[in-house]
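Beneath this line is the structure, given in structure tokens, with notes to follow.
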Amino acid sequence: MVEVNDFISKNDIWSIMKADNVPNICGCIMYTVANPNIIKVLRDTDYWQCFDFISNKWPIFALKPKPELLLEYMVGVPMTNNNYKLFLDFFALKEEDIPCFILFAQINENEINSYRIKLDDSNSDKVFNDLREIILNISKTESFIYNEYKKGTGIYTQAKASLESVFLYKKITRSLNIFSFIKGLFA
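Every letter in the sequence shown is one number past the one before it in the working numbering, and letter 138, counting from 1, is 809.
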């Protein structure tokens, strides 16, 4: 994770993604001041360093004030209206889509593919566990891909498919648990 203290532009995002040692996937944690548990998690240095460590070399952008300069792959972006609007426009998001984690990859010079995962801001532990699971899942997928293929769009496709399967499994499991509970009421 890399913290950025100044305004970030689309060109800054593209240049980070084009760096030699950075795979063609990035993440972005989007939230507002109405999401205090996400703010708490991102302000906690231990959580931030955990996300940075498990993300390996793929960048994750987050609107976060910068306390000190460190070389990391989590990219903290100050929460200003300009930065917030840039990310909303960049991902074609609406206010109701937030809070969320976005996995994205550059397709060509000015185009990205993105996949949005809604975040549950009900408590800090839930936020941390959800973000940790998402980042670990993407990192695991990224680790299985040979270096020569990490700049292509296949890494995004694989990471997205992996996330979709994890969340589909969770939905099915939750539905089965509810069904079992209801069935138990009538047994």
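From the three backbone atoms N, C-alpha and C, an ideal C-beta is built for every residue, glycine too.
The beta carbon of A690 sits closer than 8 Å to no other beta carbon from its chain once the five residues preceding and following it are set aside.
Judged by pairs of C-beta atoms under 8 Å, the segment 830-849 does not touch the segment 755-764, as fewer than three such pairs exist.
For S785, the three-state secondary structure derived from DSSP is strand. Under a 10 Å Cβ-count criterion, T812 is classified as buried, with 16 or more other Cβ atoms of the shown protein chains found around its own Cβ. Here the alpha carbon of F815 sits roughly 13 Å from the alpha carbon of Y827. C-alpha of I710 to C-alpha of V704: approximately 8 Å in a straight line.
By the neighbour-count criterion, in which a residue is buried when 16 or more other Cβ atoms sit within 10 angstroms of its Cβ, G698 is buried. According to DSSP, L807 shares a beta bridge with no other residue. When C-alpha distances from Q829 are compared across P694, S795, N848, the shortest belongs to P694. Counting only residues of its own chain and dropping the five nearest sequence neighbours on each side, K789 has a CB closer than 7 Å to the CB of C771.
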